[in-house]
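The sequence shown begins at 400 in my numbering and counts up by one. We put the beta carbon where it would ideally sit given N, CA and C, even for glycine. Keep in mind the model is a prediction, meaning the values are calculated, not measured. Written out below as structure tokens is the structure these notes cover.
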Amino acid sequence: MNLLAIDSPGTLWAAIGVGVMIVFYFSDKIIAALMALVRRTKAANVPVVERLSHTRSAEHPNWEILNFSVRNRDDLRWTIEALRFSSPHHCKAINQSALIDHIEGGDPNPDAVDLASLSNEVALNWELAPAGQKRPTLIAGDNDTHYLTIWVYLPRRSSEIFCSSSLILRSNPQKREMIKIEFTSPAITSI
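Structure below.
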């Protein structure tokens, strides 16, 4: 007896029905597995952010210092476009390299900066070289890792504990990514 032989039209429709049911049963699982693979692959290519330190400035009580690194894991060049703080809404931020004109006693003085000229977004425009490229220079685009020091102005009247920000990255003009960074302020206590 041939097991693949179909004796009647009813048997044919039953075989088709069982096949369709099997496909529908596994299709959700297959699609979910493929989507998870795509998400993992995409996440593996996006640069990784590592928070190195977050301290309150002893000399400037309304300012906090956030140090972090951004490392490329991709074969493409990435550009760190900006760091945007979404909360607290009244915070201001400045890149330490922008404080070069406000050095007092060898240390940056963010209080010398006009707060009205600052916003919750810091323009960076720093290029990351493809993964694995390291040179002993500070030229943008020569290394796959960049270290950033951001000064964040948080008035003491704030009752918010969490700061939330997004690092805006671009690998080419068509592809932009945002990496969310959240941290607990060491200087702010809840009221």
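Check: Under a three-way DSSP split, which group does P509 fall into?; Outcome: helix
Check: Under a CB-based cut-off of 8 Å, is A413 close to chain B?; Outcome: No chain B is present in this structure, which holds just one protein chain.
Check: Exposed or buried, what is N524 when buried is set at 16 or more other beta-carbons lying within 10 Å of its beta-carbon?; Outcome: exposed
Check: For E463, count neighbouring Cβ atoms within 10 angstroms of its own Cβ and tell me buried if that reaches 16, exposed if not.; Outcome: buried
Check: Would you please state the rounded distance, in angstroms, between the beta carbons of Y543 and A530? I believe it to be under 8 Å.; Outcome: Here residue 543 is Asp; the residue named in the question, Tyr, does not match the sequence. 5 Å between Cβ atoms; contact.
Check: Any idea what DSSP makes of V551, helix, strand or coil?; Outcome: strand
Check: Could you spell out where the beta strand (DSSP E) holding H453 opens and where it closes?; Outcome: 447-455
Check: Does the beta-carbon of F467 have 16 or more other beta-carbons within 10 angstroms, so that it is buried, or is it exposed?; Outcome: buried
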